[in-house]
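Worksheet: the structure to be examined is printed underneath.
2 protein chains.
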Amino acid sequence: MAKIGLKWLFCTIYRTFVSNFLKMIAEIITIGDELLIGQVVDTNSAWLGKILSDNGIRVRQIISISDDREHILMTLNERVGRVELILITGGLGPTKDDITKSVLCEFFDTSLVLNHAALEKIEEFFISRALPMTHINSQQAMLPEACIPIPNENGTARGMWFEKDGTIIISMPGVPFEMKPMVSNYVIPEIKKRFDLPVILHKTILTHGIGESFLSDLVETWEMSIDKRIKVAYLPQPGVVRVRLSCTGNSQEEVDSLLGKAEFDFIQIAGKYVFGFDDENLENILFHRLKECNKTLSVAESCTGGYLSHLITSIPGSSSIYKGGVVAYSNEVKRTFLGVNEETLQKYGAVSEQTVHEMAEGIRNRMETDFGIGISGIAGPDGGTTEKPVGTVCIAVSAKEKLIVKTFNFGHLRDNNIRRAALSAIYLLLEQLVKD
Amino acid sequence: MAKIGLKWLFCTIYRTFVSNFLKMIAEIITIGDELLIGQVVDTNSAWLGKILSDNGIRVRQIISISDDREHILMTLNERVGRVELILITGGLGPTKDDITKSVLCEFFDTSLVLNHAALEKIEEFFISRALPMTHINSQQAMLPEACIPIPNENGTARGMWFEKDGTIIISMPGVPFEMKPMVSNYVIPEIKKRFDLPVILHKTILTHGIGESFLSDLVETWEMSIDKRIKVAYLPQPGVVRVRLSCTGNSQEEVDSLLGKAEFDFIQIAGKYVFGFDDENLENILFHRLKECNKTLSVAESCTGGYLSHLITSIPGSSSIYKGGVVAYSNEVKRTFLGVNEETLQKYGAVSEQTVHEMAEGIRNRMETDFGIGISGIAGPDGGTTEKPVGTVCIAVSAKEKLIVKTFNFGHLRDNNIRRAALSAIYLLLEQLVKD
Numbered sequence: 001m002a003k004i005g006l007k008w009l010f011c012t013i014y015r016t017f018v019s020n021f022l023k024m025i026a027e028i029i030t031i032g033d034e035l036l037i038g039q040v041v042d043t044n045s046a047w048l049g050k051i052l053s054d055n056g057i058r059v060r061q062i063i064s065i066s067d068d069r070e071h072i073l074m075t076l077n078e079r080v081g082r083v084e085l086i087l088i089t090g091g092l093g094p095t096k097d098d099i100t101k102s103v104l105c106e107f108f109d110t111s112l113v114l115n116h117a118a119l120e121k122i123e124e125f126f127i128s129r130a131l132p133m134t135h136i137n138s139q140q141a142m143l144p145e146a147c148i149p150i151p152n153e154n155g156t157a158r159g160m161w162f163e164k165d166g167t168i169i170i171s172m173p174g175v176p177f178e179m180k181p182m183v184s185n186y187v188i189p190e191i192k193k194r195f196d197l198p199v200i201l202h203k204t205i206l207t208h209g210i211g212e213s214f215l216s217d218l219v220e221t222w223e224m225s226i227d228k229r230i231k232v233a234y235l236p237q238p239g240v241v242r243v244r245l246s247c248t249g250n251s252q253e254e255v256d257s258l259l260g261k262a263e264f265d266f267i268q269i270a271g272k273y274v275f276g277f278d279d280e281n282l283e284n285i286l287f288h289r290l291k292e293c294n295k296t297l298s299v300a301e302s303c304t305g306g307y308l309s310h311l312i313t314s315i316p317g318s319s320s321i322y323k324g325g326v327v328a329y330s331n332e333v334k335r336t337f338l339g340v341n342e343e344t345l346q347k348y349g350a351v352s353e354q355t356v357h358e359m360a361e362g363i364r365n366r367m368e369t370d371f372g373i374g375i376s377g378i379a380g381p382d383g384g385t386t387e388k389p390v391g392t393v394c395i396a397v398s399a400k401e402k403l404i405v406k407t408f409n410f411g412h413l414r415d416n417n418i419r420r421a422a423l424s425a426i427y428l429l430l431e432q433l434v435k436d
Numbered sequence: 437m438a439k440i441g442l443k444w445l446f447c448t449i450y451r452t453f454v455s456n457f458l459k460m461i462a463e464i465i466t467i468g469d470e471l472l473i474g475q476v477v478d479t480n481s482a483w484l485g486k487i488l489s490d491n492g493i494r495v496r497q498i499i500s501i502s503d504d505r506e507h508i509l510m511t512l513n514e515r516v517g518r519v520e521l522i523l524i525t526g527g528l529g530p531t532k533d534d535i536t537k538s539v540l541c542e543f544f545d546t547s548l549v550l551n552h553a554a555l556e557k558i559e560e561f562f563i564s565r566a567l568p569m570t571h572i573n574s575q576q577a578m579l580p581e582a583c584i585p586i587p588n589e590n591g592t593a594r595g596m597w598f599e600k601d602g603t604i605i606i607s608m609p610g611v612p613f614e615m616k617p618m619v620s621n622y623v624i625p626e627i628k629k630r631f632d633l634p635v636i637l638h639k640t641i642l643t644h645g646i647g648e649s650f651l652s653d654l655v656e657t658w659e660m661s662i663d664k665r666i667k668v669a670y671l672p673q674p675g676v677v678r679v680r681l682s683c684t685g686n687s688q689e690e691v692d693s694l695l696g697k698a699e700f701d702f703i704q705i706a707g708k709y710v711f712g713f714d715d716e717n718l719e720n721i722l723f724h725r726l727k728e729c730n731k732t733l734s735v736a737e738s739c740t741g742g743y744l745s746h747l748i749t750s751i752p753g754s755s756s757i758y759k760g761g762v763v764a765y766s767n768e769v770k771r772t773f774l775g776v777n778e779e780t781l782q783k784y785g786a787v788s789e790q791t792v793h794e795m796a797e798g799i800r801n802r803m804e805t806d807f808g809i810g811i812s813g814i815a816g817p818d819g820g821t822t823e824k825p826v827g828t829v830c831i832a833v834s835a836k837e838k839l840i841v842k843t844f845n846f847g848h849l850r851d852n853n854i855r856r857a858a859l860s861a862i863y864l865l866l867e868q869l870v871k872d
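Line order of the protein sequences matches chains A and B.
Residue numbers for the first sequence, in this note's numbering: 1 to 436.
Residue numbers for the second sequence, in this note's numbering: 437 to 872.
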């Protein structure tokens, strides 16, 4: 306990020290019953957290509350005056359940007035889409007198900028593609004009092939020795542990240099597990590696059902490395589209190293690419046997004079199996590219 | 303003009335810096919100805070004693950044003691995976004396059940596949043993082909006339507006009958826009319709890059209706795998109604299915022209003696274009199935 006590003391001193740099603290409030009953996952908060953090604004807390007048008022009363910035999303739609605007009027003791510019924009919006405008659409041009309206490039509900007791309060629609341009193009630039923000940078090191606790043990001395302005966190995912370093400072140069040194030292110790950094993901890394060495890929999928192709083609420009794929769900398609032998399927089964070998080779030859991937497995929930239980997945990577084939067992969850199979196929090919 | 005032008064009376039924109020606290800087989207809260809500427990608020001792303590101090249930996730990992357990010891004024049963389980866990056990793993068997430990089927960190001032406080790991079984198999059953929970039911009506404000106008009289215990919310998504009805009551029968009547009346007015209910989605509905009429499908995708196949094959049992697909990213693959004519590609281009017609027919004939879908478009961000800007997508649905071809323009966001193109293809086929 003494050790823990000391750690707390240290943390408190450390935080006091660090907080000198932090000039702007923000909170995010998302409004909507759909968030509380789990009908919608709150992706807005993560997006807002990232853009604020990237711009030197620290997010202290995210709160999701219901479309309930008293609860909204209470939450605002508790928070306004305590932090510099509050971003609110949700509850600005045209329908009756959307009450945020009225509640804000009550909170800021102001009333709704017709905003002529907003009305014109709404009219234009409907004309451009050749849709009739209804009464409730025109009501969206009624805005609180006390706010500065924020333009909405992709919809009819304006954002609203209020200020009270030293807090900027910004209310925006919950629809992501309406909210995001408001923040990027208006809110962040306005705040940057008015505040001198510190630099907060995060560096994430991506590792594969080692569990969270083993990695933490391996780099223990590193963690003790790095600059105390850097905070370390471990974020495990299926097959991947991400190590995040966060550092706050007065200048880009200072923070860059601190993080650069810590990263360098980490790689000296655990480099063999590191496969990438920050927002990189496996499909992105594969894309860049293939592009660098001017190689092409085709894919034959059974249990992953198109997911591997989807991951690769999510990347803009992927057509330069990816020619195409076949989703061979039935054995017939495995034979006719990939040239898998009937005897192989009969003797070894669709989920076998022999079958994926022929799938990978078949797609590579027929699509005339440098690499071919073949995947076949039992994603579940049904279809498992004692010999080949749900989660068994065979993967082959075929190149002109090389072949890798491997069998995995991922577990019993269909979605997980699909995802892990696709990522493991990318790993196998990446390993091959590194060896070459 | 008088109207708004009256509305508030009404809402307050209504809520007081409804709240008589609500016996258990919960709050969710998720802990982790990764949530605040937007590195991880908080999907746990939505999952928890849904399972609590389905079991008659109302979630009042979701709060995400950082791995910070003072902030965790303050949040607990503010909330314990005010609600019946607090669920906490995150911060229980074996690494140094995970501090939840120590902070809970401080808050409940208790200390860590070795839990022998937990230690045995951890040892078993590592033996079964043939991994060595490290010191920090064994520390996970140290648990606060004041808690009831909750078994973890999929990991080494136990959950912890505390009680204080009339509030049950439950702390669990943030890793979803560890947390979820704890809640489903332990927390919910334990709470149901001890509390007599009311019935809260949600019914969601899924509509397509009408915007949020037009739909709201159309059903205005319905909304005014339904039972006042039912709350209505509109949730727009690209191409879909979901209408959620929430109702609280004393018995399943009462709530079922209220919701059933409201749903029936809604369909009388807006039935032609309704395509499904609740957690149904388009791919699920397509799967069931095809299965009912014993028809099969194959898919030829260009710009959606495997995403349509992925949506369909995410459904367990989809192999009964889906034979396979070709991701034809290059023109060469369109020719050799689908039989698209070189002249068609030359004359009309890869993104044309003529090309998707041949793609859909080609895949249907070659995979010998009842329906074939062909999709080609410009997902972006590059590749657009004045005539065919980014977001232009052509889709064809081919059946033996029928063909539907349609051109869409979805916008400028790659991810959105891929998603909307895949969903629109499913719509087109569903429309065809309804007509047949």
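Here a beta-carbon is modelled for each residue, glycine too, at the ideal position from N, C-alpha and C.
Secondary structure at V40 (chain A): coil, using DSSP grouped into helix, strand and coil. As DSSP reads the structure, S257 (chain A) sits in no beta bridge.
Distance check between N55 (chain A) and each of A:I170, A:V199 and A:D436 places A:V199 closest, using alpha-carbon atoms only.
When secondary structure is reduced to three states using DSSP, F807 (chain B) falls in the strand class.
When the beta-carbon positions are compared, I31 (chain A) and S64 (chain A) come within less than 9 Å of each other.
The way I'd put it, the region 342 to 354 of chain A does touch the region 385 to 404 of chain A; three or more beta-carbon pairs between them come closer than 8 Å. In this structure, the CA atom of I315 (chain A) is about 37 Å from the CA atom of E84 (chain A). Within chain B, the residues whose beta carbon sits less than 8 Å from that of K96 (chain A) are S652, E659 and V668, listed in sequence order.
Cβ contact annotation for I721 (chain B) (same chain, cutoff 7 Å, sequence separation greater than five): F711, G712 and L866, in chain order. In the DSSP assignment, A26 (chain A) falls within the unbroken beta strand (DSSP E) covering I25 to I31. For E542 (chain B), the enclosing alpha helix (DSSP H) covers residues T536 to F543. Under the three-pair Cβ rule at 8 Å, the region 663 to 683 of chain B counts as touching the region 32 to 50 of chain A.
If only uninterrupted beta strand (DSSP E) runs of at least 3 residues are considered, those enclosed by the region 298 to 336 of chain A are 322 to 328.
Within the same chain, V495, R496, Q497, I498, I499, R515, V519, L521, I522 and L523 come within 8 Å of E463 (chain B) by CB-CB distance, once the 5 residues on both sides are set aside. Counting only residues of its own chain and dropping the five nearest sequence neighbours on each side, A669 (chain B) has a CB closer than 7 Å to the CB of R680. Non-local C-beta neighbours of S318 (chain A) in its own chain, meaning closer than 8 Å and more than five positions away in sequence, comprise F287 and I312, ordered along the chain.
For R244 (chain A), the enclosing beta strand (DSSP E) begins and ends at V240 to G249. The beta-carbon of N852 (chain B) is placed less than 9 Å from the nearest beta-carbon of chain A.
Contact annotation, A861 (chain B) with I809 (chain B): C-beta distance approximately 5 Å; criterion of less than 8 Å satisfied.
Inter-residue distance for G211 (chain A) and V241 (chain A) is about 7 Å (C-alpha atoms, whole angstroms). Annotation: Cβ neighbours of E648 (chain B) in chain A (cutoff 9 Å, chain order): G93, P94 and T95. In this structure, the straight-line span from the alpha carbon of N409 (chain A) to that of N137 (chain A) is close to 54 Å. Distance check between T657 (chain B) and each of B:G595, B:A706 and B:N852 places B:A706 closest, using alpha-carbon atoms only. Under a 10 Å Cβ-count criterion, E280 (chain A) is classified as exposed, with fewer than 16 other Cβ atoms of the shown protein chains found around its own Cβ. Remark: C-beta atoms of I363 (chain A) and V299 (chain A) approach each other more closely than 9 Å. Interface flag for P752 (chain B) against chain A is set, since a Cβ pair is found closer than 9 Å. N845 (chain B) has B:T828 as its beta-bridge partners, per DSSP. By alpha-carbon distance to E70 (chain A), the top candidate from A:E178, A:V103 and A:L338 is A:V103.
At a cut-off of 9 Å, the C-beta of I563 (chain B) has no neighbouring C-beta in chain A.
Residue burial annotation: A566 (chain B) is exposed, with fewer than 16 other C-beta atoms found within 10 angstroms of its C-beta.
Between V549 (chain B) and M578 (chain B) a beta carbon distance of about 7 Å is seen, short of the 8 Å cut, so the two are scored as contacting. Collapsing the DSSP output to three states places K402 (chain A) in a strand. If you draw a straight line from the Cα of E253 (chain A) to the Cα of F773 (chain B), it comes to about 54 Å. The C-beta of H571 (chain B) comes closer than 9 Å to at least one C-beta of chain A.
Around the beta carbon of A553 (chain B), fewer than 16 other beta carbons sit within 10 angstroms, so the residue counts as exposed. In chain order, V80, G81 and F108 place their CB closer than 8 Å to the CB of K164 (chain A), counting only its own chain and leaving out the 5 sequence neighbours on each side.
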